[in-house]
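Undergrad:
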DNA sequence: TATGAATGAGTGTTCATTCAT
DNA sequence: CATGAATGAACACTCATTCAT
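Protein chains in written order, with the numbering used here: chain A, 11 to 204; chain B, 11 to 204; chain C, 11 to 204; chain D, 11 to 204.
1) Around the Cβ of residue 6/C, are there at least 16 other Cβ atoms within 10 angstroms (buried) or fewer (exposed)?
2) What residues of chain A sit near residue 4/B, judged by a beta carbon separation below 9 Å?
3) Can you check whether the C-beta of residue 185/D is within less than 8 Å of a C-beta belonging to chain C?
4) How about residue 160/A and residue 99/A: do their beta carbons lie closer than 8 Å?
5) Name the chain B residues that come within less than 8 Å of residue 170/A, Cβ to Cβ?
6) What does the Cβ neighbour count give for residue 152/D, buried or exposed, with the cut at 16 atoms within 10 Å?
7) Starting from the C-beta of residue 80/C, find all residues in its chain whose C-beta is less than 7 Å away, skip the five residues before and the five after it, and write them out in chain order.
8) With H, G and I counted as helix, E and B as strand and the rest as coil, what does DSSP make of residue 40/A?
9) Roughly how many angstroms separate the alpha carbons of residue 52/B and residue 14/B, rounded to a whole number?
10) Taking contact to mean 3 or more Cβ pairs, one atom from each stretch, closer than 8 Å, check whether the stretch 133-144 of chain C and the stretch 54-67 of chain C are in contact.
11) With H, G and I counted as helix, E and B as strand and the rest as coil, what does DSSP make of residue 185/C?
12) Do you know how far the Cα of residue 186/C is from the Cα of residue 45/C?
13) Quick check: the Cα distance between residue 90/D and residue 77/D, rounded to an integer number of angstroms?
14) Report all residues from its chain with a CB closer than 8 Å to the CB of residue 47/B; omit the five preceding and five following residues, and keep chain order.
15) How many Å lie between residue 178/C and residue 167/C at the Cα?
16) Put residue 65/B into one of helix, strand or coil per three-state DSSP.
17) Taking DSSP as the reference, what is the three-state secondary structure of residue 176/B?
18) What do you get for residue 63/A, buried or exposed, if any count of 16 or more other CB atoms within 10 angstroms of its CB means buried?
19) How many Å lie between residue 92/D and residue 172/D at the Cα?
20) Name the two residues that bound the continuous alpha helix (DSSP H) containing residue 133/A.
21) Cβ closer than 8 Å: which chain A residues qualify as neighbours of residue 181/B?
22) Is residue 26/C buried or exposed, if buried means 16 or more other CB atoms sit within 10 Å of its CB?
23) Just to confirm my understanding: we take residue 122/A, look at its own chain, exclude 5 residues before and 5 after, and list those with CB closer than 8 Å. What are they?
24) Counting C-beta neighbours from all protein chains within 10 Å, is the total for residue 180/D 16 or more, i.e. buried, or is it exposed?
25) Looking at the unbroken alpha helix (DSSP H) that takes in residue 29/C, where does it start and where does it end?
26) In chain order, what residues of the same chain lie with their CB nearer than 7 Å to the CB of residue 131/A, ignoring the 5 residues before and after it?
27) Let me check understanding here. Comparing Cα to Cα, which of 54/D, 31/D, 37/D, 85/D lies closest to residue 18/D?
28) Just verifying my parser: in three-state terms, what is the DSSP assignment at residue 116/D?
29) Starting from residue 144/C, find everything on chain D with Cβ-Cβ shorter than 9 Å and list it in chain order.
30) For chain A, is any of its Cβ atoms less than 8 Å away from the one on residue 165/B?
31) Going by beta carbon distance, what residues of the same chain come within less than 7 Å of residue 67/A, once the five residues before and after it are set aside?
32) Rounded to the nearest angstrom, how far is the Cβ of residue 10/B from that of residue 162/A, given a contact under 8 Å?
33) Under three-state DSSP, which class holds residue 93/A?
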């Protein structure tokens, strides 16, 4: 691949990343091309469809997060887990596209992303298991829960206009806490269709 | 209003509710009309724009939730708060449209919805304050935090494929817990743009 | 026909007349119905299509003008013709719908209108012939020209923001004038497509 | 701009010119595109809205006429004015769109068109003033009257099925004539609403 | 290889007309 | 008879994608 082609590809990923993160997936490809200073054709040379571009972005993000997870090694297993959890949420909370991916558009089924996603959750699951072994996280949480928990924490941070991190604190507290017999009401449900 | 018109309007709200909740806002109006068994024109007779239809749905949901909140009266303030919190999340977790409203498309600015939203949060805020006075909820949570917390809990429930309510438990535990000095790392951040 | 039905029909003609005259033919039937204070169905009971409503209006106008022409009897033939010509243009110049009919939408082909139109032009033609016999109008004008001349005078009056009647004066002067050998250029044409 | 793009744009202007001139502004954009042999999108690439397309046509026409006016230089001021007047009307009389603009849809308010229109009337006004100074046109006509007079002459020519130019003769004669005290009747008016 | 012109299916919305109440 | 709810063809416009230059 020629040097300028590689540069274009990187620049496109970068710009599209920002634009999608800020304004969501509805932004037209023409806009991405214009902001990146290239022609529409160039976008399609590097990414065969708009979805492919978006998936490339997501893949990139997931891989960064995985790398971070792998490198998060502290003496204390609990601290390792919570530190990493915090970093991920803080990273995602300013990124509408990543958020959409994790929390909303559960419809991205590309193999590469699924594999990367699994790898991320595996790594994260190890941090979790070790933290649980050390008694820092309540034992009934499973690695499979992590995706949902992350999505929720992300949503909290995005919604919260207040100081960053406060919402994460609440979730972390919930993860740490002893599992009590919850107050559960089976009556008075609201059914969605009324 | 004529009987059939009222029937059509109700049916449209219902169908659109389901369709938007399941497949998101991208579904064409034609599709809504077809599934409701009416012509396109009928949709537009009742709701002047697609956005108006969506807003009518949201308004309907918020008002139901507010009614529920007002009627949630138990002896124990903590139980009242948590019971209601649970109900709301469970109601919303099967509703993509409501979720979108609360969590994602923060862009619905119509007065009626803002007013209804404020009313809901006011009612909920009262439940919260009483629960805090009774020592059932950690004191540093403010009524303004509730929206974000709800959005997060909703996201968790939506993502979680497991037994309903487990994710809510985690959040509730986090709300109950003593606020500890959190494990906070200022290093090792992941910046969104890499 | 019941009294209220007759009243509704008359009222509809009146309102539609005004609305079309003021705002042109693009106004929806719903609007006409609303302004007339009746339901849409009532409009369609009296006039089977929108075009039929419009044609009824035009017919009404043409007949009024014909009646006026028939009653315009003065001693002097020239005065009779010019007086009537003036009246017609002044009437039409404040009526966008009539103007559209005569000047623009030459596409109204209904028999009743054609007949009425012919009758009007016949009557007018007689005034013209008599005026020409009296030497008050140049002899090369034919009754068939009258429609075009009227349309032109109407257009002038509509466009002219100035004092009413001045444009009519110019046309009348042109009708009175001796036909001179006109200054005619066969070169320097502008072709429409450039 | 690429060669094929320029060709397409020119062809579109040409076709739309003809179609609008023949059938009026109600023709759908799809039809224009089909007749021009291009896709709908191509129309919108060159003209962002239907109105913009129409305005481009009108602008084109006005500029042609202005160029013609500027180049109309004859020794005799009266001949210059009448020659040009004739040319303009003959050009416009086969053009429904231009006619609509000048005579009917006075609602085109775009700056470019207003400016071009003013330029045209200025040039024409100079021809008029010179012709009046030479005694070839009656003195009470003002440059501001010209638009209405042109619109009227256009309407006459459009309506007249006979030999081209006869209607123009009448108007020219009216412009030339001494202003006499007109035969004026203040009685016997026809009011528009009957 | 990069460009951006061309394409056309798809979408929200309007409005003349029909018909159940 | 009057009403206005229902209908759906028609239209302006968008945007992902292809392909000539």
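Glycine included, C-beta positions come from ideal geometry on N, C-alpha and C.
It should be emphasised that the depicted structure is a prediction, and the values quoted were computed from it without experimental measurement.
TA: Per the coordinate set shown:
1) Residue 6/C cannot be examined here, being either before or after the span of chain C that is shown, 11 to 204.
2) There is no way to answer for residue 4/B, as the model of chain B reaches only from 11 to 204.
3) yes
4) yes
5) Per Cβ cutoff of 8 Å: 155, 158.
6) exposed
7) 133
8) Residue 40/A: helix per DSSP, three-state reduction.
9) So the alpha carbons of these two residues sit roughly 11 Å apart.
10) no
11) Here DSSP, grouped into helix, strand and coil, assigns residue 185/C to helix.
12) 45 Å
13) 14 Å
14) 21
15) 7 Å
16) Residue state, collapsed to three classes: helix.
17) helix
18) buried
19) 21 Å
20) 121-143
21) 162, 180, 181, 184
22) buried
23) 65, 69
24) buried
25) 13-33
26) 153, 156, 157
27) 54/D
28) Here residue 116/D scores only 48 on pLDDT, less than 50, and its place in the model should not be relied on; the value that follows carries that caveat. Coil at residue 116/D, not helix or strand.
29) Correct list: empty, because the minimum Cβ distance to chain D is about 13 Å.
30) So yes, residue 165/B belongs to the interface.
31) 23, 26, 27, 30, 107
32) Nothing can be reported for residue 10/B: it is not among the residues displayed for chain B, which extend from 11 to 204.
33) helix
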